[in-house]
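Participant: Residue numbers (this note's numbering): -19 to 140.
Using N, Cα and C, we set each Cβ at its ideal position, and we do this for glycine too.
Computed from a prediction, not measured in an experiment: that's the story for all the values here.
1) Taking 8 Å as the threshold (C-beta atoms), are residue 13 and residue 62 in contact?
2) Would you tell me roughly how many angstroms separate the C-alpha atoms of residue 86 and residue 96, rounded to the nearest one?
3) Going by DSSP in three states, residue 33 sits in which element: helix, strand or coil?
4) Could you round the C-beta distance between residue 120 and residue 98 to whole angstroms and report it? I think they count as a contact, below 8 Å.
5) Have a look at residue 78 and residue 0 and give me their C-alpha separation to the nearest angstrom.
6) Just how far apart, CA to CA, sit residue 101 and residue 133?
7) How would you call residue 109, buried or exposed, if buried means at least 16 neighbouring beta carbons within 10 angstroms?
8) Using a Cβ-Cβ cut-off of 6 Å (strictly less than) and excluding sequence neighbours within five positions of residue 59, which residues of its own chain qualify?
9) Which of helix, strand or coil does DSSP assign to residue 80?
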């Protein structure tokens, strides 16, 4: 039998679901960032593949960079999978909260367990995102000569 919650009961259930909905919005924004990073990785890999065939130094460098890009792609893919899992778990939290309110049963244990799982998934997704950022910036380490070459090319004095 469906209990008579009334307008105030439904309003209270909606109030309880607002925080997870905002969290879901944040996860969606993170997914947008991650998918953009993956798209950049794929674009860069496609560009490098045309240089990878051959025995010269340029081909060797392209193959080496492709290995690093492949690792970045795997890390971002796992981050996307875990962020998506986070979104699904949060959606399940919201659904169970409403079902519990609508049918009048205590949903606190499944909601708490799903929320803990969602946060664990989010923590790992963010750690993988940070790992991918470190992998990407590791290739940007400039030697002193490279830095001065860049400064000279831009027409600026190294002392500025």
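Facilitator: Looking at the atomic coordinates:
1) By 1-based counting over the chain shown, the position of residue 62 is 82. By 1-based counting over the chain shown, the position of residue 13 is 33. Cβ atoms of residue 62 and residue 13: not closer than 8 Å.
2) What you label residue 86 is simply residue 106 of the chain shown in a count that begins at 1. What you label residue 96 is simply residue 116 of the chain shown in a count that begins at 1. Those two C-alpha atoms are separated by around 17 Å.
3) As a first step, residue 33 must be located in the chain shown, where it is residue number 53. DSSP places residue 33 in coil when its eight states are reduced to three.
4) In the chain shown, the residue the question calls residue 120 occupies position 140. In the chain shown, the residue the question calls residue 98 occupies position 118. Contact flag wrong, Cβ pair sits at about 33 Å.
5) To locate residue 78, count along the chain shown from 1; it is residue 98. To locate residue 0, count along the chain shown from 1; it is residue 20. About 12 Å.
6) Here residue 101 refers to the residue found at position 121 when the chain shown is read from its first residue. Here residue 133 refers to the residue found at position 153 when the chain shown is read from its first residue. Here the C-alpha atom of residue 101 lies approximately 45 Å from the C-alpha atom of residue 133.
7) Here residue 109 is taken as the residue at index 129 of the chain shown, counted from 1. Classification for residue 109: buried.
8) Your numbering for residue 59 matches position 79 in the chain shown. Result list for residue 59: 14, 105, 108, 109, in chain order.
9) Within the chain shown, the letter at position 100 stands for residue 80. In the displayed model, residue 80 falls within a helix according to three-state DSSP.
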